[in-house]
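Sequential numbering from 21 applies to the sequence shown in the numbering used here.
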Amino acid sequence: MRRYGPLRRRMLGLTLVEMVVTLVVMSVLAIGVTGFLTYGTRIYVEGHTWQQHLSSIRFASQRLSRELQHALPGTVEISGGCIAFRPVVAANRYLGLNQDELRGYPPQCWAGSDCTDCGGCTDLTLALLEGYRPHLAQLDQLDVSAGEATLAFSPSLPPLSQTEGQRYFLLDEAVTWCQVGESLERNGVLMGEGLINDLAVCNAEGADSSQCPFVMTAPGQTQNALVRTQWWVTDGDVSQRFSQEVQLVHVP
21 MRRYGPLRRR MLGLTLVEMV VTLVVMSVLA IGVTGFLTYG TRIYVEGHTW
71 QQHLSSIRFA SQRLSRELQH ALPGTVEISG GCIAFRPVVA ANRYLGLNQD
121 ELRGYPPQCW AGSDCTDCGG CTDLTLALLE GYRPHLAQLD QLDVSAGEAT
171 LAFSPSLPPL SQTEGQRYFL LDEAVTWCQV GESLERNGVL MGEGLINDLA
221 VCNAEGADSS QCPFVMTAPG QTQNALVRTQ WWVTDGDVSQ RFSQEVQLVH
271 VP
């Protein structure tokens, strides 16, 4: 009877047991590789989404900081999850003032020659600061002659005892930032998502202000007013507190 050695038997192919073991090992490896790739892809997607959330919030914070630096002190108001203020468009010194007219140097929004009823500064609000208290009136007309501007406004302003540096300001429309649900909006336009501040327990004037998206510290003798943004941002199971402080210049 003819017999084959071990080498001859191996050349004949795999046995059934060896084939089953090979298939099991390859299946385990395939499952492991697939799971690793799936897990890695999920981590990348979640990390990318998280970075997008942070980027939008960071951009919104930088924009709000720039706008607050040009806000007129005394016009900044915080209510619940919103902050509103009036940005300064132009400013200069005035030389004379009565209840419905002001004489002074031309504002920066006008760079032309002498004119009557000058354009370029229309639809703006005139403001005078008495301490941190702003007095506002609608700018009706701007005349410029020989380097001097005359600004007519209404309604009439009350007599002012002392204004800051005899400066007048021209303001744009109010800007409002609000947390609406989990979204951050500027004048109704979406600026960021993922905010989870609990506005129901927000108390910006009390000790428990950690959930308030906007908090303002009143000015003192040695410091200007301070606005602090504190946004709790979340994406899935990841959350982070994003905070920034902006000092309001006393006289822009």
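A virtual CB, placed ideally from N, CA and C, is assigned to each residue, including glycine.
Problem set entry | DSSP three-state assignment for V109, whether helix, strand or coil | Taking the first residue of the sequence shown as 1, we reach residue 109 at position 89. Note: V109 maps to strand in three-state DSSP.
Exercise. Opposite C102 in the DSSP bridges: which residues?
Worked result: As a first step, residue 102 must be located in the sequence shown, where it is residue number 82. S99 and C198, per the DSSP bridge assignment.
Exercise. Does DSSP classify Q89 as helix, strand or coil?
Worked result: Here the question's residue 89 lines up with position 69 in the sequence shown. It is helical.
Exercise. Which residues bound the beta strand (DSSP E) around V253?
Worked result: If you number the sequence shown from 1, residue 253 lands on position 233. Note, V253: beta strand (DSSP E), L246 to D255.
For this session: Report yes or no: do three or more beta-carbon pairs, one from the stretch 237 to 256 and one from the stretch 201 to 220, lie closer than 8 Å?
Result: yes
For this session: Would you tell me roughly how many angstroms separate the C-alpha atoms of R106 and N207, rounded to the nearest one?
Result: On the sequence shown, position 86 is the one that residue 106 refers to. On the sequence shown, position 187 is the one that residue 207 refers to. About 13 Å.
Exercise. Per DSSP, what kind of secondary structure is Q119 in: helix, strand or coil?
Worked result: In the sequence shown, the residue the question calls residue 119 occupies position 99. Coil.
For this session: Can you grab the Cα-Cα spacing for the pair V40 / G55, in whole Å?
Result: In the sequence shown, the residue the question calls residue 40 occupies position 20. In the sequence shown, the residue the question calls residue 55 occupies position 35. Rounded to the nearest angstrom, the two C-alpha atoms are 22 Å apart.
Exercise. Taking just the CA atoms, how far does P178 sit from L191?
Worked result: Looking up residue 191 in the sequence shown gives position 171. Looking up residue 178 in the sequence shown gives position 158. Each residue's Cα considered, the two are about 19 Å apart.
Exercise. Should D255 be flagged as near chain B, meaning a C-beta pair shorter than 7 Å?
Worked result: Of the chains in the structure shown, none is chain B; there is only one protein chain.
Problem set entry | Enclosing beta strand (DSSP E) for L219 [first to last residue] | Along the sequence shown, one-based indexing puts residue 219 at 199. No beta strand (DSSP E) holds L219; DSSP gives it neither H nor E.
Exercise. What do you get for A157, buried or exposed, if any count of 16 or more other CB atoms within 10 angstroms of its CB means buried?
Worked result: Translated into the one-based positions of the sequence shown, residue 157 becomes position 137. Buried.
For this session: Take A147 as the anchor and find which of E193, A245 and G167 has the nearest alpha-carbon.
Result: Taking the sequence shown and counting its residues from 1, one reaches residue 147 at position 127. Of the listed residues, the one whose Cα sits closest to A147 is E193.
Exercise. Between the beta-carbon of G110 and the beta-carbon of C129, is there less than 7 Å?
Worked result: Indexing the sequence shown from 1 puts residue 110 at position 90. Indexing the sequence shown from 1 puts residue 129 at position 109. The displayed chain sequence assigns Ala, not Gly, to residue 110. Yes, Cβ-Cβ distance for A110 and C129 is below 7 Å.
Exercise. Would DSSP call A166 helix, strand or coil?
Worked result: Taking the sequence shown and counting its residues from 1, one reaches residue 166 at position 146. Coil, per DSSP.
Problem set entry | C-alpha distance - Q267 paired with L246, whole-angstrom precision | Here residue 267 corresponds to residue number 247 of the sequence shown, with the count starting at 1. Here residue 246 corresponds to residue number 226 of the sequence shown, with the count starting at 1. For Q267 and L246, the distance between alpha carbons rounds to 5 Å.
Exercise. Which one or two residues does DSSP pair with G212 in a beta bridge?
Worked result: Looking up residue 212 in the sequence shown gives position 192. Note: G212 sits in a beta bridge opposite L204.
For this session: Return the CA-CA distance between L27 and L49, expressed in angstroms with no decimal places.
Result: Within the sequence shown, the letter at position 7 stands for residue 27. Within the sequence shown, the letter at position 29 stands for residue 49. Model confidence at L27 stands at a pLDDT of 49, short of 50, so the residue's coordinates are unreliable and nothing is read from them.
Problem set entry | Counted within 10 angstroms of its Cβ, other Cβ atoms place G94 as buried (16 or more) or exposed | Translated into the one-based positions of the sequence shown, residue 94 becomes position 74. Buried, since its Cβ has 16 or more Cβ neighbours within 10 Å.
Exercise. Which residues bound the beta strand (DSSP E) around S263?
Worked result: Working through the sequence shown from its first residue, we reach residue 263 at position 243. Note, S263: beta strand (DSSP E), V258 to Q267.
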